[in-house]
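J.: Sending over a structure as structure tokens; questions will come in a sec.
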Amino acid sequence: MRWYIIRALLVKEWQRHLANRGGIALGLLLVTAAVLLSVFAPRGQDKSAGANLVGGVNHCFVEYDRQTTLITHLKENIPPDMTARIHFREFSQAPTKEGHILYTVGSGGLQIREIRPENSPNNQYTIHVAVWHPDGNPTALAPYETWLWKEVRRWNVARAQLRGVPTPPEPDFDAENQWMLTESHKRFQDQIAEAAAKGSTRGRFEPLAAVTGAAIAFETTSTPTIIPDLIVKREGLGGIVLDIRSAIVTGFVVFALYFTCVYLLPTLNCEERERGILLAQALSPASPLEIVAAKALFYPTAGITLAATIAAVYNPAIVARPFFWLSIFAVAAGFLGIGMTISTLARTQRAAFLGGMCYLMAVSMLLMICTLNSIPFLPYLAVEYHGPRILHAAINGDEVNWFLKGNLFGAAFLGVVWLTVAVRLFRRRGWQ
7 MRWYIIRALL VKEWQRHLAN RGGIALGLLL VTAAVLLSVF APRGQDKSAG
57 ANLVGGVNHC FVEYDRQTTL ITHLKENIPP DMTARIHFRE FSQAPTKEGH
107 ILYTVGSGGL QIREIRPENS PNNQYTIHVA VWHPDGNPTA LAPYETWLWK
157 EVRRWNVARA QLRGVPTPPE PDFDAENQWM LTESHKRFQD QIAEAAAKGS
207 TRGRFEPLAA VTGAAIAFET TSTPTIIPDL IVKREGLGGI VLDIRSAIVT
257 GFVVFALYFT CVYLLPTLNC EERERGILLA QALSPASPLE IVAAKALFYP
307 TAGITLAATI AAVYNPAIVA RPFFWLSIFA VAAGFLGIGM TISTLARTQR
357 AAFLGGMCYL MAVSMLLMIC TLNSIPFLPY LAVEYHGPRI LHAAINGDEV
407 NWFLKGNLFG AAFLGVVWLT VAVRLFRRRG WQ
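Just so we're aligned: the sequence shown equals residues 7 to 438 in the working numbering.
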């Protein structure tokens, strides 16, 4: 191969993009999106807030019928990391339609109604809490409920202390609400102990009595009932929790490689065929291998440069990781082979564009079906299975284990296979 011919072909590709700046504009748009992501959603923020971008609750409205000491206590005890996500409003201020309160997408509600004793059926002061969550996701408001139950208990304790009533010590509040489980189990133990003290040491629950509301009968024996203590330990699984920010950046990086190698390369190559430029190159001193080499240098280099720029904007330390460069080269090789294959099979720009989109849709559906139905091995044949995994691990800075090494090998192997197919097809059909 002659370098001066390859250099002339590379200059030709660059001048084409300068004349038609659509690809450059989209590349700048991706970089701008990465800048906005790093500015308005910087790394190190609460990961749960970022995860809400994919179906959680971004805002929780605490709605009440009137201002009371409980509402005042809640307003004064909002956690710092929830200040921007918890909003208070009276029922009269909430938007309604046909008598129903409306909530925007990504929001939920905690409706608090305090019923006075004279208005309560059992003549007891009652706090009625209604939790309005996204349909099908009852745990979406779990962080807000954890805060609410904790502060309601603290308010009740303070209220009792003002009346001179001795109160139990404050539990160790935790994010998993284990203190509620502990207190509930302790209350259950006390109830059983009280029943045992009255002589009902072993009780047999009567379903009929429970249904009709009659007194519950107990069958007593001399064997005492023992309710053991309950100890619950929660441990997080090993690994790093998915960070939505790094997932978005991974999508940008993969799209940058796909756009340059699987979209631009086939469409512009078919444009050369339609205008006769490809035939003119074939009749020039440039050999088929040199033409392929020029395209194989220009488009992956452009994609890798764009992808590395996006990753560096998010976190400059990424470009210093060798695994990132190995991953990006492996994925770029696979996408280059796919793009070259499409460009040789398609006759027109429209066919090349539709071919790239159909390939993307087909692979996406295949991976989704295999994931939902636990179909093994078949996803391993797609570059799109290995690529996002190794790129996300490289962007996140995860430890390179044997699983990631296998994904890297799979992406590199598929890249070699696609490039081999593309070169053979290009030498046979690329000039026709």
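C-beta: ideal position from N, C-alpha, C; glycine also.
Out of ALA339, ILE250 and ALA358, state which residue places its alpha-carbon closest to the alpha-carbon of GLU277.
T.: On the sequence shown, residue 277 is found 271 positions in, with the first residue counted as 1. Checked all of ALA339, ILE250 and ALA358; the closest Cα to GLU277 is ALA358.
J.: In three-state DSSP terms, what is THR426?
T.: The residue you call residue 426 lines up with position 420 of the sequence shown. Residue state, collapsed to three classes: helix.
J.: How would you label LEU15, buried or exposed, when you count the other beta carbons within 10 angstroms and need 16 or more for buried?
T.: Taking the sequence shown and counting its residues from 1, the one referred to as residue 15 is at position 9. Burial call: buried.
J.: How should SER252 be labelled, buried or exposed, when 16 other C-beta atoms within 10 angstroms of its C-beta is the threshold for buried?
T.: As a position in the sequence shown, residue 252 is number 246, starting the count at 1. SER252 is buried by the Cβ-count criterion.
J.: What do you reckon, are the CB atoms on TRP138 and GLY112 nearer than 8 Å?
T.: The count along the sequence shown starts at 1 and reaches residue 138 at position 132. The count along the sequence shown starts at 1 and reaches residue 112 at position 106. Contact flag unset, no.
J.: One question on the structure: do ALA417 and VAL337 come within less than 8 Å of each other, judged by their Cβ atoms?
T.: The count along the sequence shown starts at 1 and reaches residue 417 at position 411. The count along the sequence shown starts at 1 and reaches residue 337 at position 331. Going by C-beta atoms, ALA417 is nearer than 8 Å to VAL337.
J.: I need the straight-line Cα distance from LEU414 to ASN402, nearest angstrom please.
T.: As a working note, residue 414 is residue 408 in the sequence shown. As a working note, residue 402 is residue 396 in the sequence shown. Straight-line Cα distance between these residues: approximately 16 Å.
J.: Tell whether a beta-carbon distance below 8 Å holds between PRO385 and LEU373.
T.: Sequence index remark: in the sequence shown, residue 385 carries index 379 (1-based). Sequence index remark: in the sequence shown, residue 373 carries index 367 (1-based). Contact: yes.
J.: Where does ARG22 fall in DSSP's three states?
T.: If you number the sequence shown from 1, residue 22 lands on position 16. Residue state, collapsed to three classes: helix.
J.: Output the distance between the C-alpha atoms of THR218 and TYR70, rounded to the nearest integer angstrom.
T.: Walking along the sequence shown from the start, residue 218 turns up at place 212. Walking along the sequence shown from the start, residue 70 turns up at place 64. Confidence at THR218 is low in this model, with a pLDDT of 38, below 50, so its placement is unreliable and no value can be given for it.
J.: Determine the direct distance from the alpha carbon of LEU154 to that of HIS234, and round the result to whole angstroms.
T.: As a working mapping, residue 234 is identified with position 228 in the sequence shown. As a working mapping, residue 154 is identified with position 148 in the sequence shown. With the sequence shown as reference, residue 234 is identified as Pro, and His is not the correct amino acid for it. Distance between the alpha carbons of PRO234 and LEU154: 29 Å.
J.: Who does TRP331 pair with in a DSSP beta bridge?
T.: For this step, residue 331 is matched to residue 325 along the sequence shown. BP columns for TRP331 are empty, so no partner.
J.: Within 10 angstroms of its Cβ, does ASP87 collect 16 or more other Cβ (buried), or is it exposed?
T.: Here residue 87 refers to the residue found at position 81 of the sequence shown. Label assigned to ASP87: exposed.
J.: With DSSP as the reference, label ARG208 as helix, strand or coil.
T.: Along the sequence shown, read from residue 1 onward, the residue named residue 208 stands at position 202. Confidence at ARG208 is low in this model, with a pLDDT of 48, below 50, so the placement of that residue should be treated as unreliable; the coordinate-derived value is given next. It is coil, neither helix nor strand.
J.: From the DSSP output, in three-state form, read off ALA3 for me.
T.: Since the first and last residues shown for the chain are 7 and 438, residue 3 lies out of range.
J.: Where does PRO41 land, buried or exposed, given buried means 16+ other C-beta within 10 angstroms?
T.: Start at 1 with the first residue of the sequence shown, and residue 41 comes out as number 35. Per the sequence presented here, residue 41 reads as Val, with Pro not at that position. Counting the other Cβ atoms within 10 Å of the Cβ of VAL41 gives fewer than 16, which makes it exposed.
J.: Bridge partners for LYS103 per DSSP, in chain order?
T.: In the sequence shown, the residue the question calls residue 103 occupies position 97. Note: LYS103 sits in a beta bridge opposite HIS106.
J.: Helix, strand or coil for LEU431? Go by DSSP, reduced to three states.
T.: As a first step, residue 431 must be located in the sequence shown, where it is residue number 425. In the three-state DSSP reduction, LEU431 falls in the helix class (H, G or I).
J.: For HIS398, which residues of its own chain have a beta-carbon under 7 Å away from its beta-carbon, when the five flanking residues on both sides are left out?
T.: Locating residue 398 in the sequence shown gives position 392, counting from the first residue. SER252, ALA253 and THR256.
J.: Give me, in chain order, the residues of the same chain whose beta-carbon lies closer than 6 Å to that of PHE330; leave out the 5 immediate sequence neighbours on both sides.
T.: If you number the sequence shown from 1, residue 330 lands on position 324. Excluding positions up to five away in sequence, the list reads ILE324 and ALA400.
J.: Which same chain residues end up closer than 7 Å to ILE316 when comparing Cβ atoms and leaving out the 5 residues on each side of it in sequence?
T.: If you number the sequence shown from 1, residue 316 lands on position 310. Cβ neighbours of ILE316 beyond the five flanking positions: LEU36, VAL37, ALA40, VAL255, PHE258, VAL259 and ALA262.
J.: Starting from SER290, follow the alpha helix (DSSP H) in both directions and report where the run begins and ends.
T.: Counted from its first residue, the sequence shown places residue 290 at position 284. DSSP places SER290 outside any alpha helix (DSSP H), giving it a letter other than H or E.
J.: Kindly list the residues whose CB is nearer than 7 Å to the CB of THR426, restricted to its own chain and excluding five residues on each side of it in sequence; keep chain order.
T.: Counting from 1 along the sequence shown, the entry for residue 426 is found at position 420. Shown here for THR426: not one same chain residue has a beta carbon closer than 7 Å to its own, the five before and five after excluded.
J.: Note down the Cα distance separating PHE224 from SER190, rounded to an integer number of angstroms.
T.: Looking up residue 224 in the sequence shown gives position 218. Looking up residue 190 in the sequence shown gives position 184. Any reading at PHE224 is ruled out, since the residue's pLDDT is 37, under 50, leaving its predicted position unreliable.
J.: Are the beta-carbon atoms of CYS66 and ARG91 separated by less than 8 Å?
T.: Here residue 66 is taken as the residue at index 60 of the sequence shown, counted from 1. Here residue 91 is taken as the residue at index 85 of the sequence shown, counted from 1. Against a cut-off of 8 Å, the Cβ pair of ARG91 and CYS66 comes out as a contact.
J.: Between ARG160, GLN184 and ARG169, which has its C-alpha nearest PRO175's C-alpha?
T.: Position 169 of the sequence shown, counting from 1, holds the residue named residue 175. Nearest of ARG160, GLN184 and ARG169 to PRO175, Cα basis: ARG160.
J.: Look at the Cβ atom of GLY393, then the Cβ atom of VAL268, and state whether they are nearer than 8 Å.
T.: Against the sequence shown, residue 393 aligns to sequence position 387. Against the sequence shown, residue 268 aligns to sequence position 262. Not a contact, by the Cβ cut-off of 8 Å.
J.: Taking the alpha-carbon of VAL319 as reference, which of THR145, GLN21 and SER44 has the nearest alpha-carbon?
T.: Position 313 of the sequence shown, counting from 1, holds the residue named residue 319. Of the candidates THR145, GLN21 and SER44, the one whose C-alpha sits nearest the C-alpha of VAL319 is SER44.
J.: Could you check whether ARG435 and THR350 sit closer than 8 Å to each other, using their CB atoms as the reference points?
T.: Translated into the one-based positions of the sequence shown, residue 350 becomes position 344. Translated into the one-based positions of the sequence shown, residue 435 becomes position 429. Contact flag set, yes.
J.: State the DSSP-derived secondary structure class of PHE194, mapped to helix, strand or coil.
T.: For the purposes of this step, residue 194 is identified with residue 188 of the sequence shown, where counting begins at 1. Looking at PHE194 - three-state DSSP - the assignment turns out to be helix.
J.: Using the C-alpha atoms, what's the distance from TYR109 back to ALA352?
T.: Position 346 of the sequence shown, counting from 1, holds the residue named residue 352. Position 103 of the sequence shown, counting from 1, holds the residue named residue 109. When rounded, the distance between both Cα atoms is 49 Å.
J.: By the 10 Å Cβ neighbour count, where 16 or more other Cβ atoms means buried, how is PRO144 classified, buried or exposed?
T.: Here residue 144 corresponds to residue number 138 of the sequence shown, with the count starting at 1. It is exposed - the Cβ of PRO144 has fewer than 16 other Cβ atoms within 10 Å.
J.: Where DSSP assigns a beta bridge to LEU116, which residues make up the other side?
T.: Counting from one through the sequence shown, the residue named residue 116 turns up at place 110. Answer is VAL68 and VAL137.
J.: Rounded to a whole number of angstroms, what is the C-alpha to C-alpha distance between GLU157 and ASP404?
T.: As a first step, residue 157 is located in the sequence shown; it is residue number 151 there, counting from the start. As a first step, residue 404 is located in the sequence shown; it is residue number 398 there, counting from the start. Roughly 38 Å between the two C-alpha positions.
J.: In or out: ILE118 buried (at least 16 other Cβ within 10 Å) or exposed?
T.: Here residue 118 refers to the residue found at position 112 of the sequence shown. Counting Cβ neighbours within 10 Å, ILE118 comes out buried, since at least 16 surround it.
J.: Only counting the same chain, and skipping five residues up and downstream in sequence, which positions put a Cβ closer than 7 Å to that of VAL429?
T.: Residue numbering aside, residue 429 sits at position 423 when the sequence shown is read from its first letter. Within the same chain, VAL429 has close Cβ partners VAL298.
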